[in-house]
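Written below as structure tokens is the structure these notes are about.
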Amino acid sequence: MTHKFTRRDFLKLGTAGIASAVLAGCEMPRRWVTLEPFVRPPEEQLAGVATWYASTCRQCPAGCGILVRTMNGRALKIEGNPEHPLNRGKLCARGQAGLQILYNPDRLSGAVQQTKRGSRDFRQLSWEAALNTLFSTIQAAGSSVIIWGGSTMSGHLYDLFQRFTAAIGAPAPVVFDLYTGMSGHRLLAEASRDLLGRVGLPIYDLSHADVALSFGADFLGTGLSSVRYGAEFGNFRSQPLGKRGYLVQLEPRMSITGAVADRWLPIRPGAEAMVAQAIARIIADQSLGPVDRVTRARTLAGNVDVNAVATASDISVEELQRLARSFATAEHPLAIPGDALTGQDNATEAVTAVQALNIIAGTVGQSGGFSLSTPAPSPALVKPVVSSLADVQKLIEQMRADQVKALMVYGANPAYDLPEEMGFTEALGHVPFVVSFAPIVDETAIWADLILPDRTYLESWGYEVVAPSFDVPVVGSQQPIVTPVFDARSTGDVLLTLAKGIPAAAKALSWADEVAFLIESIGQLPAGAAGGSGVDVLWARFQQHGGWWPASSPVSVPPASTLSQAIQVTPTRFEGSEQEYPYFLHLYLSNLLSDGRGANQPWLQGSPDPMTTVAWQTLVEINPNTAHQLGIQDGDVVRITSPHGELEAPVYTFPAIRPDTVAIPVGQGHSDYGRYARNRGGNVMRLVGAQAGAQGGNLNWATLRVKITRTGRKVALALFENKTGVTEGFVNQAFPGQ
Amino acid sequence: MEFPTRKWTMVIDFDKCTGCGACVVACHAENNVPIVREQEIVRGRAMHWMRIERYWDGTYPNIRARFMPVLCQQCGRAPCEPVCPVYAANHSERENLNLQIYNRCVGTRYCLANDPYKVRFFNYFDPVFDKPLDQQLNPDVTVRSAGIMEKCTFCIQRIRRGEEQALVENRPLRDAEVTPACVQTCPPGALVFGDLNDPGGQVAKLLANNRRQFKLLDHLGTEPSVYYLKGGESHVSD
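If you read the protein sequences in the order shown, they are chains A and B. Oh and the first sequence: position 26 is 39 in my numbering, straight run, nothing missing. Oh and the second sequence: position 26 is 11 in my numbering, straight run, nothing missing.
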């Protein structure tokens, strides 16, 4: 390149870019809301009358449609969008709490620079200066730029990031956060390839199923789409002609899904796949159910000894036979693999072993059966693809080898999400320039040189290719509900401004602003239910209805199973010896704080957890009998030590957990992330090791053993329930079976 | 035009309730219910107009947890009402609702003592909404100050909004047109709300000949407006 691009030129260009955005605002009032005196009120504003805007929830990767009630420019209440095919007007607790992300008092106003990393000594910077710093470093970094994204980023931003990295010759963005890590998004989607020949998230038609075996899946609490499965569960329990679905939950610690199950079976951790195999074996051996099921079971059932499985799983032979009979003779049986399976060292095999039951049942693609989420309706629209842990490890290696010159972190908090042993924070020390786009300073942002706070989802543009999508493909729309509350700038526009100065990227990212790019992407959707023609009308209806979906369900061809031989499952191996570490560790996503991203919202922190009724605190759940043997009472602070690290937290005696298991919810233990999240116990990821499962994809978070040590300290538990006379009684009673 | 007499009623189906807590947060958001800090919860001063009670049934390993959403039962003969010395706890005959008139309340807490369901909450402190969290506040609902007793209103502001809209459009209120925030958000549809005086309404239909129904502490003669449906029996035998 002959033309030398100077800093001064960029400054001009940057200002021009910003000016053009403002100018664009004058031309296209639909993009920006302008402040006007009320003598000339905006068209949509009537004093005392609420205006509702449709958008998409970003509290988890599911992408529920929302309607936000606004009055006088304030967002007042989030409700589900009744038109949206995914959630049909319903929302979970996290979805309801979204306003507290928008109005969070700890949000950054304006760009900040940190003189020394980790010092939390932030210096306010003008946006122009910040953009110039970003530009000069990214330009100097050449192709050694890495973008680390979270799974809840808008599709258009992921698209822009991808185009940007491709243009400058950098590696594709890495997408990884704890929510998708612990729900096993990538692993479940990849496992579908072996089962049905196509990558895709599994969906279960619970509404029309009659027997559902859940192998530890807390699909009503967190998982792939808790709102949709909540609605499905309502239908499951009140089907036509008085039919009522029957749910069996196999898990070591009772989740809310386990609490509403008809049978709860405390299975030994790691034995889920074995039990699934034993059920297939019994169907084959005892010829249970229709002939075709028996035939398929004979092909797919591994060579397992049912008696040995009973011993290893703590599920009796009679119980296994009962499960097999219920499953094989039901018209619409379902088997659902749980989150914990995706965190085992044999994750893919374990998931396949459970899904094989659905293949045996022959319900693939049918009403009341198992099928796959539909792909995006147009190649112009993308959904962030979650990276495998191997990719994450490779990236950290590159960082450590000084191969990464600049790291941009968007919508993810790897310093909190990843186990300490993975060495992410240490590897950050080798990266000369770290940029964070976090609206609130989180554990990763404190290691950043520059923070360019993005707008929160209720102030931003975007779209969401909904996955898992159930009946029809859906693209949710996202639009600003209110004018930005803080001086934050859209990362999409920051990226486009940045690209203008880098010749290779300027060509690939030539849009004036992100909205122009969005309109272009959305314009490529096929005809949808909202109808209309012409770009303006289609774009307006896309915003008005909260997204795009086809007028009628596409005719789906049930995918054929590609499984043709018996499933082999390597036995689950736990880290830590049984002598030194006598207890299994069961981690689970909190259904309020999810993977910790809800911890900065008082509505989620202060609402009692459904199973324990504890608010604001981290805790360790221990069976009352185990606690009694160890001389531990509620509120006693214990140290939980795994082969990888330790954590201190108060004990909550929980009667529905195996005596050989301790459970800790994920979500607390922030050292930053705002006043509501900070200093509420330790981060459970300290207990997890750096190893990926044998089959690559995910963290090995479900195969850990731990030991418990008393510290002698005691804290008062913030309980909503009164335990006097409730769980106290459990300790003194006879303890059958254990 | 006169507003018709209502019998606002909620039905809560235990067979569908998943205990997810969406109703709890929806209620906080709709009704400006403050979140109390950790230390206040330890002191037993948690405030949730809608709460999920979790009961254990049996012992490990044959143990079950059961969720029971509890909110003000909007009693026909409310024990909390007659004890109020300043008539802050008031009964609306037309809507069959128990009203709490905040600017009359002097904080004697007699109603709390006499409330068998423990669904009334006392503001021990002024609520704190760190700026700009105050912008989330619903302008239709008063923010209660210290010394005031508060409780679930069946989202009376949403009922009024619906009735006024029907009045403007000169038509009767449709069944299921108004829902409290908790009912609106409930993913499995475990909560159903409507006017029991409407014989064709979903509440009346749901309760007709339903052997699963019961009312909480009904033997006290409080005539609650919240009906619970016990968990059902499955056609699949164990």
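For glycine and all other residues, C-beta sits at the position ideal for the given N, C-alpha and C. Note that the coordinates shown come from a computational prediction; the quantities given were computed from them, not determined experimentally.
For aspartate -2(B), the enclosing beta strand (DSSP E) begins and ends at -7 to -2. Straight-line spacing of the CA atoms in lysine 720(A) and alanine 703(A) works out to 19 Å. The beta-carbon distance between tyrosine 171(A) and valine 224(A), rounded to whole angstroms, is 39 Å. This is too long to meet the 8 Å contact definition.
In the structure shown, the three-state DSSP call for threonine 312(A) is helix. Classified as exposed, histidine 204(B) has fewer than 16 neighbouring CB atoms from the shown chains inside 10 Å of its CB. Put simply, the CB of phenylalanine 246(A) is near chain B, with a gap under 8 Å to one of its CB atoms. Within the model, the alpha-carbon separation for tyrosine 429(A) versus histidine 683(A) is close to 7 Å. Taking CB atoms only, isoleucine 269(A) has a neighbour in chain B less than 8 Å away. Residue environment: lysine 520(A) is assigned as exposed (fewer than 16 neighbouring CB atoms within 10 Å of its CB, all protein chains considered). Identification of residues in the segment 107 to 141 of chain A having a C-beta nearer than 7 Å to some C-beta of chain B yields Gln109, Ala110, Leu112, Gln113, Tyr116, Pro118, given in sequence order. Looking at the backbone, the Cα of arginine 306(A) and that of valine 479(A) are separated by about 33 Å. Taking C-beta atoms as the reference points, glycine 545(A) and asparagine 613(A) fail to come closer than 8 Å.
For valine 9(B), the closest Cβ of chain A is nearer than 8 Å. Assignment of beta-bridge partners to glycine 78(A) by DSSP yields Thr69(A). It is roughly 57 Å from the alpha-carbon of leucine 158(B) to the alpha-carbon of threonine 639(A). Glutamate 433(A) and arginine 699(A) have their alpha carbons spaced roughly 6 Å apart. Closer than 8 Å to the CB of arginine 87(A) there is at least one CB belonging to chain B.
Neighbours of phenylalanine 52(B) in chain A, taken as residues at a C-beta separation under 9 Å, are given in chain order as Ile269, Ala272, Val273, Pro623. With a minimum length of 4 residues, the unbroken runs of alpha helix (DSSP H) contained wholly in the segment 413 to 449 of chain A fall at 427 to 430, 437 to 441.
Here tyrosine 102(B) carries a coil assignment [DSSP, helix/strand/coil].
Contact annotation for valine 21(B) against chain A: Gly619 [CB-CB distance below 7 Å, chain order]. Contact between glycine 61(A) and isoleucine 79(A) does not hold, since their C-beta atoms are separated by about 23 Å, which reaches or exceeds 8 Å.
From the beta-carbon of asparagine 604(A), the residues of chain B found nearer than 8 Å are Cys5, Gly6. Contact between tyrosine 192(A) and leucine 712(A) does not hold, since their C-beta atoms are separated by about 12 Å, which reaches or exceeds 8 Å. The way I'd put it, the segment 10 to 17 of chain B doesn't touch the segment 46 to 54 of chain B; fewer than three beta-carbon pairs between them come closer than 8 Å.
Taking a cut-off of 8 Å on C-beta distances, the segment 131 to 139 of chain B touches the segment 96 to 116 of chain B, as three or more cross pairs fall below it.
Residues of chain B whose Cβ lies closer than 8 Å to the Cβ of tryptophan 616(A) are, in chain order, Val10, His13, Ala14, Ile20. The alpha-carbon of cysteine 57(B) is positioned some 43 Å away from that of proline 427(A). Look at leucine 233(A): its C-beta is under 8 Å from a C-beta on chain B.
Bounds of the beta strand (DSSP E) holding methionine 53(B) are 47 to 55.
Taking a cut-off of 8 Å on C-beta distances, the segment 145 to 159 of chain A does not touch the segment 390 to 398 of chain A, as fewer than three cross pairs fall below it. Relative to alanine 161(B), the option among Ala189(B), Val68(B), Gly92(B) whose CA is nearest is Ala189(B).
By the neighbour-count definition (other C-beta atoms within 10 Å, threshold 16), aspartate 526(A) is a buried residue. With a beta-carbon spacing of about 11 Å, cysteine 8(B) and proline 623(A) fall beyond the 8 Å limit used to define contacts. A direct Cα-Cα distance of roughly 6 Å separates glycine 710(A) from leucine 200(A). The C-beta distance from tyrosine 102(B) to valine 55(B) rounds to 6 Å, short enough to fall under 8 Å.
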